[in-house]
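Using our numbering, the letters of the sequence shown correspond one by one to residues 42 to 138. The C-beta atom is built at its ideal place from N, Cα and C for all residues, glycine as well. Below is one structure, written out as structure tokens; the observations come after it.
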Amino acid sequence: MATYVVLGNFTDQGIRNVKDSPKRAEAFKEMAKTFGVTVKEIVWTQGRYDVVTVLEAPDEAAAMSLSLSLSALGNVRTETLRAFSAADMTKIVGKML
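Take a look at the structure:
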């Protein structure tokens with residue numbers, strides 16, 4: 042499974058209903074399961090992003106489908122980053138010329 046970091050910002054709708062954010066996070070975890078995605082961590086942050094999520098997905102299509110489904114609810118806008126562990130990077134740099 043591939044690891045992804047999802048950076049999220051509340052929309053106007055999302056911030057108006059920010060008190061529901063923890064409940065929405067739990068619903069997101071359940072939604073993720075329908076795509077074969079495992080949510081490893083959700084944290085709320087100060088600064089440029091409001092929420093940071095770490096998840097594992099079987100492929101890019103599953104991660105993208107989940108991201109679009111979440112965004113369609115209208116509470117957050119997201120940016121998804123493919124993440125690599127130290128073990129992954131060791132393999133990657135091992136293939137360099």
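Which one or two residues does DSSP pair with residue i in a beta bridge?
| i | result |
| --- | --- |
| residue 51 | 117 |
| residue 43 | 98 |
| residue 80 | 96 |
| residue 124 | 44 |
Tell whether a beta-carbon distance below 8 angstroms holds between residue i and residue j.
| i | j | result |
| --- | --- | --- |
| residue 119 | residue 110 | no |
| residue 81 | residue 95 | yes |
To the nearest angstrom, how far is the alpha carbon of residue i from that of residue j?
| i | j | result |
| --- | --- | --- |
| residue 63 | residue 113 | 18 angstroms |
| residue 92 | residue 100 | 22 angstroms |
| residue 76 | residue 103 | 6 angstroms |
| residue 58 | residue 90 | 17 angstroms |
| residue 84 | residue 98 | 18 angstroms |
| residue 71 | residue 55 | 19 angstroms |
| residue 117 | residue 50 | 5 angstroms |
Kindly indicate the opening and closing residues of the beta strand (DSSP E) around residue i.
| i | result |
| --- | --- |
| residue 93 | 92-98 |
Starting from residue i, follow the alpha helix (DSSP H) in both directions and report where the run begins and ends.
| i | result |
| --- | --- |
| residue 72 | 62-75 |
Can we say the segment 44-63 touches the segment 113-125, given the rule of at least three CB pairs closer than 8 angstroms?
yes
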